[in-house]
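Count the first sequence with my numbering and you get residues 3 to 195, in order. A virtual CB, placed ideally from N, CA and C, is assigned to each residue, including glycine. The model shown is predicted, which means the values in this text are computed figures rather than measured ones.
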Amino acid sequence: MDKNSWNKLLEPDSVTVAPTLLGCYLVRQLNGQRVVGKIVETEAYHQRDAASHSYRGQTPRNSVMFGPPGFAYVYFTYGMHYCMNVVTGQPGEGSAVLIRALEPLEGLELMQENRGGKSESELTNGPAKLCQALGVDKRLNGHDLSAPSLQLVLGSPLPTSRIVQTTRIGIRHDTDKPWRFYIKDNPFVSKLS
DNA sequence: CCGGTGATGCCCT
DNA sequence: GGGCATCACCGGT
């Protein structure tokens, strides 16, 4: 995928981009092995959104969110977990899409090792779980997602009929905004609803 | 299966 | 010092 079509895909606002990332792939090179998952659940965050890290403006922690699209915003939370976003929108906007769940496709053994021997269904069905499975931590904050060590790869677009749109999970503010998207009936979505 | 809760570090006020 | 875009474990059903 060339850089121009890449930017085309990610430059709209995060609410538009979030459902289009469903069915795309995250490809990770880890210890010489390929680890691949299909994105099955996303959430959009942006600057006029009280639940977003970017809501109160740019800080050292969230600065990657305000940069160009196509980079990884990886943050640390609850003293022990990492979560990853795909930055969207124009530079200066402060918007991103949180990757909440993957369907494991390749490198399941390594994912299982990284996840302390959990069963297949528990490897990547949550935003911090998938980061642990893929070995994603703060070193990948600001990483260019067209570069091989962690790559976002376009998939076939999903028909609207296979996408479910609901409110977001695990937030205190703007809980009524329908900015969570997941693939209907996919068993690797983080929480049933 | 379900809800409650403790773990644990860092950023921002 | 508060609060967190979470998870795993525990006990009761």
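Rounded to whole angstroms, what is the Cα-Cα separation between residue 12 and residue 88?
Within the first sequence, numbered from 1, the residue matching residue 12 stands at position 10. Within the first sequence, numbered from 1, the residue matching residue 88 stands at position 86. Between residue 12 and residue 88, the C-alpha separation is close to 8 Å.
Does residue 195 pass the burial test, meaning 16 or more other C-beta atoms within 10 Å, or should it be called exposed?
On the first sequence, position 193 is the one that residue 195 refers to. Caution applies to residue 195, whose pLDDT of 48 falls short of 50 and renders its modelled position unreliable; the model cannot decide the point.
Any contact between the stretch 102-122 and the stretch 63-73? By contact I mean 3 or more CB pairs, one from each, below 8 Å.
no
Which runs of the alpha helix (DSSP H), 4 residues or longer, sit entirely within the stretch 86-133?
110-116
Secondary structure at residue 162, three-state DSSP: helix, strand or coil?
As a working mapping, residue 162 is identified with position 160 in the first sequence. Helix, per DSSP.
For a quick check, are the C-beta atoms of residue 134 and residue 29 less than 7 Å apart?
Locating residue 134 in the first sequence gives position 132, counting from the first residue. Locating residue 29 in the first sequence gives position 27, counting from the first residue. Contact annotation: residue 134 and residue 29 have beta-carbon atoms that are not nearer than 7 Å.
Separation of residue 68 from residue 205, as counted between CA atoms:
One cannot answer for residue 205 here, as it falls past the ends of the chain, which runs 3 to 195.
From 169, 193, 155 and 178, residue whose alpha carbon lies closest to that of residue 40:
Here the question's residue 40 lines up with position 38 in the first sequence. Minimum Cα-Cα distance from residue 40 among the listed residues 169, 193, 155 and 178 corresponds to 155.
Output the distance between the C-alpha atoms of residue 54 and residue 73, rounded to the nearest integer angstrom.
Translated into the one-based positions of the first sequence, residue 54 becomes position 52. Translated into the one-based positions of the first sequence, residue 73 becomes position 71. Those two C-alpha atoms are separated by around 17 Å.
Specify the secondary structure class of residue 195 as computed by DSSP and reduced to three states.
If you number the first sequence from 1, residue 195 lands on position 193. Model confidence at residue 195 stands at a pLDDT of 48, short of 50, so the residue's coordinates are unreliable and nothing is read from them.
Is residue 113 buried or exposed, if buried means 16 or more other CB atoms sit within 10 Å of its CB?
Counting from 1 along the first sequence, the entry for residue 113 is found at position 111. Residue 113 is buried by the Cβ-count criterion.
Assign residue 205 to one of two classes, buried (16 or more other C-beta atoms within 10 Å of its C-beta) or exposed (fewer than that).
Limits of the chain in this structure are 3 at one end and 195 at the other, which puts residue 205 out of reach.
Tell me which same chain residues have a C-beta within less than 8 Å of the C-beta of residue 44, skipping the five on either side of it?
Within the first sequence, numbered from 1, the residue matching residue 44 stands at position 42. Excluding sequence neighbours, residue 44 sits near 20, 21, 23, 24, 99, 100, 101, 102, 182, 183 and 184.
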